[in-house]
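To start, the structure itself, in structure tokens.
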Amino acid sequence: MTTYEAIIGLEIHIQLLTKSKAYCSDLAEYGALPNTQVSPISLAHPGTLPKHNKEVIEKAIMMGLALNCNITRNNRFDRKNYFYADLPKGYQITQDQTPICTGGFVSIKNKDGEEKSIRITRIHMEEDSGKSMHDQDLNDTLVDYNRAGVPLIELVSEPDLKSAEEAYEYVSEMRKLVRYLGICDGNMEEGSLRCDANVSIRPVGTTTFGTKVEIKNMNSISNVKRAIESEIIRQTELLNSGQTFVSETRGFNALKGQTFSMRTKEAANDYRYFPEPDLPPFIVSDAYLQQLTESLPSLPHQLYNRLKNELSLPEYDAKTITEDKDLTNYFLNITEHTSNYKSAANWTLGTIKSYLNEQAMHINDFHLNASKIAELIALIDLDKLSNSSASQLVFPELVKNPNESVLSIAERLNVIQTNDVNLISGIIAEVLAKYPDKVEEYKNGKKGLLGLFVGEVMKASKGKADPKTVNTEVIKALS
Amino acid sequence: MKKRFSSLIEIQKEINEGNLNLPELVQYYLTQINKNKHLNAFLEVFEEDAKEQAEEIQKKITLKTAGKLAGMVIAIKDNIVYKDHESSASSQILKGFTSLFSATVVERLLAEDAIIIGRTNCDEFAMGASNENSAFGPVLNAIDNTRVPGGSSGGSAVAVQADMCLASLGSDTGGSIRQPAAFTGIYGLYPTYGAISRWGLIAFASSFDQIGPFTSSVSDMSLLMNCITGKDENDASMAQIEALNIQLTDNTKPLKIAYINDCVNHEGLEESIQTKTFEFIEALKEKGHSLTPIDFPYLDQMVPCYQILTTAEASSNLSRFSGLTYGNRSNNAIDLESMYKTTRSEGFGAEVKRRIMLGTFVLTSDFYDAYYTKAQKVRQVIRQETLKIFENYDIILTPTTSTVAFKIGEKSNNPIAMYLADLFTVQANLAGIPALSIPYGTDDNGLPIGMQIMGKPFEESTLLQLAQQLQ
């Protein structure tokens, strides 16, 4: 049997988070009642004209800069003509000839954990269509035009991806990136991020491309992976059994975990692209590009490198924190008040993240000042507070009383540890007096009993004795 | 033709002297409209609106708060939308359609207290040169009812010609204002592309279309231009300019005028027009202007280039008329595909369909480069070569048309002959420069003849000053 390798290219449609639509001032918000965000422009009434939305151009350029693309200076717009009920104008305003970004790349980790660069073909601006709803009425398809004209960028990769896992990594990376840039909420279920995959296979060692199949309707990143996996298997089985298949568009049935045929490419539309005469070219000036470059926020891989190299965090911590831009910001806020970065990372990924999960809360709604976490870390580092009382007792109380000082809460809860040697020695003497037999056994070599003594002393101190001091003093007392 | 008033200046003078008030004026024009119903110039008369406006503006006149256009009774072509009024572009597909907003030009007219008296008949979606393509019947030339008034803005031209209003707005994509102005003996202007907002103009070919006025006087033309030009955030393709400020004076500086040999000696040019053209040239010389014949060897390319580009744009611009969310959906539609097919088959007339098909064809990927790309290049050359003429001359002169108003039905079965009616006018649209048709006498049968003067971009004032001098 021949061994095949997969060649995968992805097209991602990214709905931009702008206040208004791409070519008019209608609101672009998701979730409004059907057909409430439609003006005569959205509905293509006679006599209406499109206009530029600078926010769209800005966000498209930001994505391009983040992906190391060339930014097109003279941006023209084109019309893509086709008839469909969700397209009131009968054409979509898009960029056919002059995509705003070309070239560029993004790094992903392949399955061996190695960096792999995936080339970007192009990013272009366009507008979304309305939404046809086939299941709302028995006889008719209903159309909601709120989405008609909402800005999109389409991001096309080169066919550099070799497996479903890599495709998964790539989409994850893109989603992380758009969230970092604040240009899209990255929500695949709501359709604000949509992915189509072009999949073909070829015998390992050959260089020509096999028959390409396009898969649509994968509404989560894991479905992207599952769909591609199943498609690779389908194609491999067909070729291995001596059959061929046609170039077509296939959907993905998530329940069955299988792709299914939607339409063949032969029936493809001629979209009759031509330059949009209603919109003048948009020129990106040096100054504008400079301004956007300077305002670009730190990107995930830059922050990852910073956390790993400058703050010396373990790879796992750096990766997990930088998955989320806002969590990263919180973490970085903590580090402005402490130099114990590892501890800051532990708090971020441990107590804080668990708290957020329990409360089903987003980090942006977590209003505890990061300096308070640094105060907790400082008390722990001074041996005045144990890790467990800090996270289990002080932290919950702190969240309730975010303006109270950490020290005052710890004192109020009576959990400040003491390292007063005189006090501790007194308790040790009492405890040892209770267990003369054990003391004898210890002295005869059963050193494992040390834990028992320390534990008893801690208990007798009601947890307030500093365990390190207790440890040292117990050893001293027994020697 | 004899008119009671030929300019707003006359009307305002009468009003100021207490000899006339606006309700009387409106009544005069309503009576005129009624008398001339057979010409089919108006699709709808906004009689009640006009009477109400007349009362209101008359009060403003008394209070001395009236706008610059107080006393201007004006008609608008049926492809210019007016809030809460019907706009159908003379098409069955839009019959009964009421706009939710007004065109920028309508807003600007109303802001200066013009009275909009009705909407005028035109070729369907402004496609035609005779006004025979309207879904609501042809418009007749008032001078000879067996003849066309020209098109596509035929109704707007005849409305002014037959004294049914003082002025009107039309739209011009390849001559649709100037050719009917010439056929009806009035002034018609294609403004510089980008001088007037297209917001609210039902698009035919976006990169050619401009709204422009028809008037009986140069002063009204100037005043209207001052009121309706200037940037508009609703139209991104516009020039970022303030409104024009044309001030006509008694002193016209001597101009360098070039006339195109190929036009004045064109084999298709009617003798009467040729004679008039040379008379016009002599008259200009007498006024102290220098007249120079020049060669411009692109005449044969202009109409084909224009046809390819305008039909391409039209095929896309008219895709929105499908019965989807407005307009007339066919009763024979049973599913989405049949909705498009039946609605568009039943709703569009033959000429519109012909142009949609032609435009669709030239944009298909197999023929795109051979037609569309090539035509774009030709347009570029024509634009550059036209602008080059202006390095040495102030004005380019041609007759507006090669024939006088032709008989109704004479060319309706010969689209090529009809397309050639635009022969001299498309140059301005291809180049985006202003062009004015000046009425200049008649032929032996009394049929009007027009002279076309073209100017540098945004130099409408030069054209109008020259026209003023000749008036």
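Chains as they are written, first to last, in my numbering: chain A, 1 to 479; chain B, 480 to 950. C-beta atoms are modelled at their ideal positions from N, C-alpha and C, and glycine is treated no differently.
- Selection from Asn219/A, Ser117/A, Ala360/A that minimises the alpha carbon distance to His301/A: For the purposes of this step, residue 301/A is taken as residue 301 along the first sequence, with counting starting at 1. That would be Ser117/A, whose Cα lies nearest to the Cα of His301/A.
- Can the beta-carbon of Lys131/A be found less than 7 Å from the beta-carbon of Asp144/A? Here residue 131/A is taken as the residue at index 131 of the first sequence, counted from 1. Here residue 144/A is taken as the residue at index 144 of the first sequence, counted from 1. A contact, by the Cβ cut-off of 7 Å.
- Message: DSSP three-state label for Met361/A, please.
- Response: Counting from 1 along the first sequence, the entry for residue 361/A is found at position 361. It is coil, neither helix nor strand.
- Give the secondary structure of Asp845/B by DSSP, where H, G and I count as helix, E and B as strand, and everything else as coil. Residue mapping note: residue 845/B aligns to position 366 of the second sequence, counting from 1. The DSSP-derived three-state label of Asp845/B is coil.
- Query: Can you find a C-beta in chain B that's less than 7 Å from the C-beta of Lys89/A?
  - Reply: What you label residue 89/A is simply residue 89 of the first sequence in a count that begins at 1. Interface residue, yes.
- CB-CB under 7 Å to Phe615/B, same chain, minus the five flanking residues each way: which ones, in chain order? Here the question's residue 615/B lines up with position 136 in the second sequence. If you ignore the 5 residues before and after Phe615/B, its C-beta comes within less than 7 Å of the C-beta of Leu522, Ser569, Asn600, all in its own chain and listed in chain order.
- Close beta carbons around Glu142/A, own chain, < 7 Å, minus the five adjacent residues each side: Along the first sequence, read from residue 1 onward, the residue named residue 142/A stands at position 142. The question names Glu, but residue 142/A is Leu in the sequence shown. Taken in chain order, the residues that qualify are Met133, Gln136.
- Message: For the stretch 665 to 698 of chain B, list every residue whose C-beta sits within 7 Å of some C-beta in chain A, in sequence order.
- Response: Flagged, chain order: Arg677, Trp678, Gly679, Leu680, Ile681, Ser685, Ser686.
- Task: Specify the secondary structure class of Val618/B as computed by DSSP and reduced to three states.
- Result: What you label residue 618/B is simply residue 139 of the second sequence in a count that begins at 1. In the three-state reduction of the DSSP assignment, Val618/B falls in the coil class, being assigned neither a helical nor a strand state.
- Query: Cβ of Asp78/A less than 7 Å from any chain B Cβ?
  - Reply: Residue mapping note: residue 78/A aligns to position 78 of the first sequence, counting from 1. Answer no: the Cβ-Cβ gap between Asp78/A and chain B never drops below 7 Å.
- Query: For Ile917/B, which residues does DSSP report across the bridge?
  - Reply: Locating residue 917/B in the second sequence gives position 438, counting from the first residue. Per DSSP, Met930/B.
- Query: Would you call the CB atoms of Gly691/B and Pro659/B closer than 7 Å?
  - Reply: Reading the second sequence from its first residue, position 212 is the one you call residue 691/B. Reading the second sequence from its first residue, position 180 is the one you call residue 659/B. Cβ distance not < 7 Å, so Gly691/B and Pro659/B don't count as in contact.
- Along chain B, which residues have their Cβ under 9 Å away from the Cβ of Lys51/A? Taking the first residue of the first sequence as position 1, residue 51/A is located at position 51. One finds Glu712, Asn713, Asp714, Ala715 in chain B with Cβ atoms closer than 9 Å to the Cβ of Lys51/A, taken in chain order.
- Task: Assign Ser479/A to one of three DSSP states: helix, strand, or coil.
- Result: Locating residue 479/A in the first sequence gives position 479, counting from the first residue. Here Ser479/A sits in coil by DSSP.
- Relative to chain A, which residues along the stretch 770 to 800 of chain B have a C-beta separation below 7 Å, given in chain order? Cβ contacts with chain A: Ala791, Glu792, Ser795, Ser798, Arg799.
- Query: Going along chain B in order, which residues have a C-beta closer than 7 Å to the C-beta of Ala142/A?
  - Reply: For this step, residue 142/A is matched to residue 142 along the first sequence. The residue asked about is misnamed: residue 142/A is Leu in this sequence, not Ala. What Leu142/A touches in chain B, judged by beta-carbon distance under 7 Å, is nothing: the nearest beta carbon there is about 12 Å away.
- Tell me the DSSP bridge mates of His124/A? Locating residue 124/A in the first sequence gives position 124, counting from the first residue. The partner list for His124/A (beta bridge, DSSP) reads Glu154/A.
- Query: Okay, do the stretch 621 to 639 of chain B and the stretch 877 to 888 of chain B touch, 3+ Cβ pairs below 8 Å being the bar?
  - Reply: In short, these stretches touch, since the Cβ pair count reaches three.
- Message: Does Tyr785/B come out as helix, strand or coil in the three-state DSSP assignment?
- Response: Here residue 785/B refers to the residue found at position 306 of the second sequence. It is helical.
- Message: Spatial neighbours of Gly838/B within its chain, please: C-beta separation below 6 Å, excluding the five flanking residues on both sides.
- Response: Position 359 of the second sequence, counting from 1, holds the residue named residue 838/B. For Gly838/B, the CB contacts under 6 Å within the same chain, skipping 5 residues up- and downstream, are Thr790, Ala791, Ala793, Ser794 in chain order.
- Within chain B, partners of Asn81/A - CB distance below 9 Å: Taking the first sequence and counting its residues from 1, the one referred to as residue 81/A is at position 81. The contacting residues are Ser794, Ser795, Ser798, Thr839, Leu842.
- Name, please, each residue of chain A whose Cβ falls closer than 8 Å to the Cβ of Ser566/B. Within the second sequence, residue 566/B is the residue found at index 87, counting from 1. By Cβ distance, chain A contributes Pro46, Gly47.
- Inter-residue Cα distance where the pair is Ser676/B and Leu703/B: Start at 1 with the first residue of the second sequence, and residue 676/B comes out as number 197. Start at 1 with the first residue of the second sequence, and residue 703/B comes out as number 224. Rounded to whole angstroms, Ser676/B to Leu703/B spans 14 Å at the Cα level.
- Note the first and the last residue of the continuous alpha helix (DSSP H) segment covering Gly455/A. On the first sequence, residue 455/A is found 455 positions in, with the first residue counted as 1. DSSP places Gly455/A in the uninterrupted alpha helix (DSSP H) bounded by 450 to 460.
- Query: When the Cβ atoms of the stretch 211 to 220 of chain A are set against those of the stretch 188 to 198 of chain A, are three or more pairs found closer than 8 Å?
  - Reply: With a cut-off of 8 Å, the stretch 188 to 198 of chain A and the stretch 211 to 220 of chain A count as touching, because enough Cβ pairs lie within range.
- Item | Sequence ranges, alpha helix (DSSP H) only - wholly within the stretch 529 to 612 of chain B, length at least 4 | Counting only unbroken stretches of 4 or more residues, the alpha helix (DSSP H) elements lying wholly within the stretch 529 to 612 of chain B are 583 to 590, in sequence order.
- Task: Could you tell me whether any Cβ in chain A is nearer than 7 Å to the Cβ of Tyr872/B?
- Result: Position 393 of the second sequence, counting from 1, holds the residue named residue 872/B. So no, Tyr872/B is outside the interface.
- Message: Distance check for Asn70/A and Glu158/A, CA to CA, integer angstroms please.
- Response: For the purposes of this step, residue 158/A is taken as the residue at position 158 of the first sequence. For the purposes of this step, residue 70/A is taken as the residue at position 70 of the first sequence. So the alpha carbons of these two residues sit roughly 15 Å apart.
- Taking Cys24/A as the reference, give the member of Leu10/A, Thr3/A, Tyr30/A, Glu55/A with the closest Cα. The residue you call residue 24/A lines up with position 24 of the first sequence. Nearest C-alpha to Cys24/A: Glu55/A.
- Cβ neighbour criterion (16 or more within 10 Å) applied to Tyr785/B: Your numbering for residue 785/B matches position 306 in the second sequence. Buried, because 16 or more other Cβ atoms sit within 10 Å of the Cβ of Tyr785/B.
- Item | Members of the stretch 252 to 276 of chain A that neighbour chain B once the beta carbon cut-off is set at 9 Å | Residues of the stretch 252 to 276 of chain A with a C-beta less than 9 Å from any C-beta of chain B: Asp270, Tyr271, Arg272, Tyr273, Phe274, Pro275, Glu276, listed in chain order.
- Query: Leu311/A by DSSP, collapsed to three states: which one?
  - Reply: Residue mapping note: residue 311/A aligns to position 311 of the first sequence, counting from 1. Looking at Leu311/A - three-state DSSP - the assignment turns out to be coil, as it is neither helix nor strand.
- Message: Let me confirm a value: Val204/A is counted as buried when at least 16 other C-beta atoms fall within 10 Å, else exposed. Which label applies?
- Response: The residue labelled residue 204/A in the question sits at position 204 within the first sequence. So Val204/A counts as exposed.
- Item | Separation of Arg119/A from Ile233/A, as counted between CA atoms | Position 233 of the first sequence, counted from the start, is the residue given in the question as residue 233/A. Position 119 of the first sequence, counted from the start, is the residue given in the question as residue 119/A. About 25 Å.
- Task: For chain A, find out if any of its Cβ atoms is closer than 7 Å to the Cβ of Tyr561/B; answer yes or no.
- Result: The sequence position of residue 561/B within the second sequence is 82, counting from 1. Chain A contact via Cβ: absent.
- Taking only beta-carbon atoms, is Phe615/B less than 7 Å away from chain A? For the purposes of this step, residue 615/B is identified with residue 136 of the second sequence, where counting begins at 1. Not closer than 7 Å to any Cβ of chain A, the Cβ of Phe615/B fails to qualify, so no.
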